[in-house]
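Asker: The UniProt record's numbering puts the first residue of the sequence shown at 1, with every later residue one more than the last.
Pasting a structure here, questions to come.
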Amino acid sequence: MNDITIHNLNYNYYNRIKNTSTKALDNVNLSFGRGMRIVVCGKNGAGKSTLLSILAGKKLIKEEQVLVFNRPVFHDTALTNRIGFVGEWWSDEYAMNITIKDFFSQYSSSKRYKILLKLFDIDENKLISSISKGEKKKVQILVNLIKRKDIYIFDEATESLDLISRKLLLDVKNYTSLAEYIFDNMMKEIKERDNIDNVD
Numbered sequence: 001m002n003d004i005t006i007h008n009l010n011y012n013y014y015n016r017i018k019n020t021s022t023k024a025l026d027n028v029n030l031s032f033g034r035g036m037r038i039v040v041c042g043k044n045g046a047g048k049s050t051l052l053s054i055l056a057g058k059k060l061i062k063e064e065q066v067l068v069f070n071r072p073v074f075h076d077t078a079l080t081n082r083i084g085f086v087g088e089w090w091s092d093e094y095a096m097n098i099t100i101k102d103f104f105s106q107y108s109s110s111k112r113y114k115i116l117l118k119l120f121d122i123d124e125n126k127l128i129s130s131i132s133k134g135e136k137k138k139v140q141i142l143v144n145l146i147k148r149k150d151i152y153i154f155d156e157a158t159e160s161l162d163l164i165s166r167k168l169l170l171d172v173k174n175y176t177s178l179a180e181y182i183f184d185n186m187m188k189e190i191k192e193r194d195n196i197d198n199v200d
C-alpha cells in the first residue's frame, strides 16, 4: 500500500492584476511507500517547491488529487500532526533576541532535543539574532525534527549547511529513526536515495 498517492495533479498560479495564469504542475502522477527517501530534481521554476508544499498540505487542491495515508492532504487537518514540512525559511533579516535554549524551552530537558543538538552541532546558548544563515537553518530543521512525525518534507534544506550537517540531515533516518520520508530538491546529495523523481 502506498502512503502517498498523487493522481492527475495540476496546479496553476493566477495573476489577478494581469488576468493570466501560469501552470506550475501538469498532470503529475506519483506514489510512495513507507520508509522511502525521495529526491525531487528539476530546473528552477519547474514546480518542485510547489509540489512539496502541496504534499505538506499547504496549498488548496481537489481532494482526490493527493492522498496521504489515504486521506486528502489539504482537507484533512489532522494530517498536520503527521507531516513535518521544512521549507518556509526565515529571511536573512529575521531576528529573534532569545537564546536557542529559550526558543526550545518546552523541549530543553528531553533526550531527543539533546541528541539533535549534538548531531547538528548547535550551541543552544547563542542568540538566534546573532547566528549565521546556516545556523538559522539548523534551528528551523530542529523545530520539525524535535516533533515525531510520520513524514518529513524538506525543501532546499541542505542549502547553507556545512557538509557534515548535510550528511546528517540526509541520513537522519538511518541512525535516529526520526523520518519515514525525506524529500529534497537539491542535486548535490542524490546518491544512495531510494528514488529520484524529475519535475520538468
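Positions of the beta carbon are idealized from the N, C-alpha and C atoms, including for glycine.
Are the stretch 120-133 and the stretch 96-105 touching by the rule of at least three beta carbon pairs closer than 8 Å?
Answerer: yes
Asker: Hey, how far is the Cα of Ile83 from the Cα of Asp26?
Answerer: The residue you call residue 83 lines up with position 83 of the sequence shown. The residue you call residue 26 lines up with position 26 of the sequence shown. Between Ile83 and Asp26, the C-alpha separation is close to 24 Å.
Asker: Within the continuous alpha helix (DSSP H) that includes Phe103, where are the two ends?
Answerer: For the purposes of this step, residue 103 is taken as residue 103 along the sequence shown, with counting starting at 1. Ile100 to Phe103 is the span of the alpha helix (DSSP H), which, as asked, contains Phe103.
Asker: Bridge partners of Thr20, per DSSP?
Answerer: Within the sequence shown, the letter at position 20 stands for residue 20. Bridge partners of Thr20: Asn15.
Asker: To the nearest angstrom, how far is the alpha carbon of Phe69 from that of Val139?
Answerer: On the sequence shown, residue 69 is found 69 positions in, with the first residue counted as 1. On the sequence shown, residue 139 is found 139 positions in, with the first residue counted as 1. The straight-line gap from Cα to Cα measures roughly 28 Å.
Asker: Between Asn144, Gly47, Asn97 and Tyr152, which has its C-alpha nearest Tyr13's C-alpha?
Answerer: Position 13 of the sequence shown, counting from 1, holds the residue named residue 13. Here the closest residue by C-alpha is Gly47.
Asker: Ends of the alpha helix (DSSP H) at Gly134?
Answerer: Stepping through the sequence shown from its first residue, residue 134 is reached at position 134. Unbroken alpha helix (DSSP H) run through Gly134: Lys133 to Leu145.
Asker: What do you reckon, are the CB atoms on Gly87 and Phe74 nearer than 7 Å?
Answerer: What you label residue 87 is simply residue 87 of the sequence shown in a count that begins at 1. What you label residue 74 is simply residue 74 of the sequence shown in a count that begins at 1. No.
Asker: For residue 202, is the classification buried or exposed, using 16 other Cβ atoms within 10 angstroms of its Cβ as the cut-off for buried?
Answerer: Summary: the structure shown does not reach residue 202, with the chain confined to residues 1 through 200, and so no result is reported for it.
Asker: Between the C-alpha atoms of Gln22 and Ser108, what's the straight-line distance to the nearest angstrom?
Answerer: As a working mapping, residue 22 is identified with position 22 in the sequence shown. As a working mapping, residue 108 is identified with position 108 in the sequence shown. Before going on, a small fix: residue 22 reads as Thr here, not Gln. Looking at the two C-alpha atoms, the distance is approximately 45 Å.
Asker: Is Asp155 near Leu52, with beta carbons less than 7 Å apart?
Answerer: As a first step, residue 155 is located in the sequence shown; it is residue number 155 there, counting from the start. As a first step, residue 52 is located in the sequence shown; it is residue number 52 there, counting from the start. Yes, the pair counts as a contact, with Cβ atoms nearer than the cut-off.
Asker: Between Ile6 and Leu30, is the Cβ-Cβ spacing less than 7 Å?
Answerer: Here residue 6 refers to the residue found at position 6 when the sequence shown is read from its first residue. Here residue 30 refers to the residue found at position 30 when the sequence shown is read from its first residue. Cβ distance < 7 Å, so Ile6 and Leu30 count as in contact.
Asker: Is Leu142 closer than 7 Å to Leu116 when the C-beta atoms are compared?
Answerer: Along the sequence shown, read from residue 1 onward, the residue named residue 116 stands at position 116. Along the sequence shown, read from residue 1 onward, the residue named residue 142 stands at position 142. In this structure, Leu116 lies near Leu142, with their beta-carbon atoms less than 7 Å apart.
Asker: Which class does Leu60 belong to by DSSP, given the choice of helix, strand or coil?
Answerer: For the purposes of this step, residue 60 is identified with residue 60 of the sequence shown, where counting begins at 1. Coil at Leu60, not helix or strand.
Asker: Using the beta-carbon count (16 or more within 10 Å), is Arg71 buried or exposed?
Answerer: The sequence position of residue 71 within the sequence shown is 71, counting from 1. By the neighbour-count rule (16 or more Cβ atoms within 10 Å), Arg71 is not buried but exposed.
Asker: State the start and end residues of the unbroken alpha helix (DSSP H) segment that holds Tyr113.
Answerer: Translated into the one-based positions of the sequence shown, residue 113 becomes position 113. Per DSSP, Tyr113 belongs to the alpha helix (DSSP H) from Lys111 to Leu119.
Asker: For Ile153, tell me which candidate among Arg16, Val39 and Asn8 has the shortest Cα-Cα distance.
Answerer: On the sequence shown, residue 153 is found 153 positions in, with the first residue counted as 1. Distance from the Cα of Ile153 is smallest, within the candidate group Arg16, Val39 and Asn8, for Val39.
Asker: Need the endpoints of the beta strand (DSSP E) that Leu55 sits in, please.
Answerer: One-based indexing of the sequence shown puts residue 55 at position 55. Counting along the chain, Leu55 falls outside any beta strand (DSSP E), though it belongs to the alpha helix (DSSP H) covering Lys48 to Leu55.
Asker: Given a threshold of 16 other Cβ atoms within 10 Å of its Cβ, counted over all protein chains shown, does Asn15 qualify as buried or as exposed?
Answerer: Numbered from 1 along the sequence shown, position 15 holds the residue referred to as residue 15. Exposed, since its Cβ has fewer than 16 Cβ neighbours within 10 Å.
Asker: Taking the straight line between their C-alpha atoms, what separation do you get for Tyr11 and Glu135?
Answerer: What you label residue 11 is simply residue 11 of the sequence shown in a count that begins at 1. What you label residue 135 is simply residue 135 of the sequence shown in a count that begins at 1. Between Tyr11 and Glu135, the alpha-carbon positions lie close to 33 Å from each other.
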